[in-house]
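Visitor: This is the structure, below, for whatever I ask next.
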Amino acid sequence: MNPLSAEDLLARGLEDLDIAVSVSQTAAFLGYLQELKKWNAAYNLTALKNDEDIISKHFLDSLLYLKALPEGELKLADAGSGAGFPGIPIKIIRPEIELSLIEPSRKKASFLRHIVRKQGIQEVKIIQERIEKLPIQYRAAFDVIVSRATFSILEFINAACPLIREGGSLILSKGPGIDKELEALEKQKPEHGRVSTILPFRLPLQNAQRNIVILKC
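Note that numbering that gives the first Met the number 0 has the sequence shown beginning at 0, numbered continuously upward.
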């Protein structure tokens, strides 16, 4: 049996997530895939190399966050964006979102600038800095902050809550070890931040466990 093409893998995963896309959105994902692979060969942006892993563990994993986002226009930040996950896949599906990609690595920030320019993605700002070192102008600047970086829940609360507007949310993804983190959070009892909702999912094409954690500050 011939392996599925990247376009077929993407279509299957999007169908599993019940996400409808246009021809131009499909083209945006496939163009993103090709540019990521090209840059990855030179700069090692991600450990994932083949189409199925990138589509499933980067693109589709990022799109799980859509299930937790409020409707309408948003100011959304992606903390520790790396090669653009989850922020850019979210932006491809929700173009009305005003997106800030926060990434301290120079080579990764350079890739983000390249892919945003290459794909013609509008209303995206790349901030080359660690989230906890952002200047005061970003205080209470965002409606939602998402992350797939290796923050613990407590670390994410401490770093991101000062940047969230009243009524906003923090959203991050956790795997099967989430119970230990929740126990640690309960013991710490942070002054700001609490778990609002946990949405369990299975990752399309991989069947891996994911938990989308929504936090309120």
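Just so you know, even glycine gets a beta-carbon here, dropped at the ideal spot from N, CA and C.
Does the beta-carbon distance from residue 34 to residue 114 come in below 8 Å?
Guide: Numbered from its first residue, the sequence shown carries residue 34 at position 35. Numbered from its first residue, the sequence shown carries residue 114 at position 115. Cβ atoms of residue 34 and residue 114: closer than 8 Å.
Visitor: Per DSSP, which one or two residues make a beta bridge with residue 51?
Guide: For the purposes of this step, residue 51 is identified with residue 52 of the sequence shown, where counting begins at 1. Paired residues: none, contrary to the question.
Visitor: Can you tell me whether residue 102 is buried or exposed, with buried defined as 16 or more other CB within 10 angstroms of its CB?
Guide: To locate residue 102, count along the sequence shown from 1; it is residue 103. It is buried - the Cβ of residue 102 has at least 16 other Cβ atoms within 10 Å.
Visitor: Taking all protein chains shown into account, decide if residue 81 is buried (16 or more other Cβ within 10 angstroms of its Cβ) or exposed.
Guide: As a first step, residue 81 must be located in the sequence shown, where it is residue number 82. Classification of residue 81: buried, given that the 10 Å Cβ count is 16 or more.
Visitor: Three-state secondary structure (DSSP) at residue 196?
Guide: Within the sequence shown, the letter at position 197 stands for residue 196. Looking at residue 196 - three-state DSSP - the assignment turns out to be strand.
Visitor: Can you give me the start and stop residues for the beta strand (DSSP E) that residue 210 sits inside?
Guide: The sequence position of residue 210 within the sequence shown is 211, counting from 1. 208 to 215 is the extent of the beta strand (DSSP E) around residue 210.
Visitor: Exposed or buried, what is residue 145 when buried is set at 16 or more other beta-carbons lying within 10 Å of its beta-carbon?
Guide: Taking the sequence shown and counting its residues from 1, the one referred to as residue 145 is at position 146. Per the 10 Å Cβ criterion, buried.
Visitor: In whole angstroms, what separates the C-alpha of residue 51 from that of residue 159?
Guide: In the sequence shown, the residue the question calls residue 51 occupies position 52. In the sequence shown, the residue the question calls residue 159 occupies position 160. Approximately 32 Å between the Cα atoms of the pair.
Visitor: Count the other CB atoms, across all protein chains shown, that sit within 10 Å of the CB of residue 138; report buried if there are 16 or more and exposed otherwise.
Guide: For this step, residue 138 is matched to residue 139 along the sequence shown. So residue 138 ends up on the exposed side.
Visitor: Which residues in the same chain as residue 162 place their Cβ atom closer than 8 Å to its Cβ, once the five residues preceding and following it in sequence are excluded?
Guide: By 1-based counting over the sequence shown, the position of residue 162 is 163. If we look at residue 162 and ignore the five residues flanking it on each side, its Cβ neighbours are 76, 130, 133, 137, 138, 139, 140, 141, 144.
Visitor: At the level of alpha carbons, what is the spacing between residue 195 and residue 184?
Guide: To locate residue 195, count along the sequence shown from 1; it is residue 196. To locate residue 184, count along the sequence shown from 1; it is residue 185. Approximately 13 Å between the Cα atoms of the pair.
Visitor: What would DSSP say about residue 9, mapped onto helix, strand or coil?
Guide: Here residue 9 refers to the residue found at position 10 of the sequence shown. Here residue 9 sits in helix by DSSP.
Visitor: If you drop the 5 nearest sequence neighbours on each side, which residues of the same chain put their C-beta closer than 6 Å to that of residue 85?
Guide: Position 86 of the sequence shown, counted from the first residue, corresponds to residue 85. Counting only Cβ-Cβ distances below 6 Å, and skipping sequence neighbours, we find 61, 64, 145, 147.
Visitor: Identify the continuous beta strand (DSSP E) that holds residue 151 and give its terminal residues.
Guide: The sequence position of residue 151 within the sequence shown is 152, counting from 1. It is not in any beta strand (DSSP E) - residue 151 carries neither H nor E in the DSSP assignment.
Visitor: Kindly give me the distance between the Cβ atoms of residue 214 and residue 193, rounded to whole angstroms, as I take these residues to be in contact under 8 Å.
Guide: As a position in the sequence shown, residue 214 is number 215, starting the count at 1. As a position in the sequence shown, residue 193 is number 194, starting the count at 1. Sure, about 7 Å apart at Cβ, within 8 Å.
Visitor: What distance in whole Å lies between the Cβ atoms of residue 67 and residue 32, which are believed to be in contact at a cut-off of 8 Å?
Guide: Along the sequence shown, one-based indexing puts residue 32 at 33. Along the sequence shown, one-based indexing puts residue 67 at 68. Between residue 67 and residue 32 the Cβ distance is about 24 Å, and since that is not below 8 Å, they are no contact.
Visitor: Are the CB atoms of residue 210 and residue 199 within a distance shorter than 8 Å?
Guide: The residue you call residue 199 lines up with position 200 of the sequence shown. The residue you call residue 210 lines up with position 211 of the sequence shown. Result yes, Cβ atoms of residue 199 and residue 210 sit closer than 8 Å.
Visitor: Should residue 88 go down as buried or exposed, given a rule of 16 or more other Cβ atoms within 10 Å for buried?
Guide: Residue 88 sits at position 89 when you count from the first residue of the sequence shown. With 16 or more Cβ atoms within 10 Å of its Cβ, residue 88 is classed as buried.
Visitor: When burial is assigned at 16 or more other CB atoms within 10 Å of the CB, is residue 176 buried or exposed?
Guide: Here residue 176 is taken as the residue at index 177 of the sequence shown, counted from 1. It counts as exposed.
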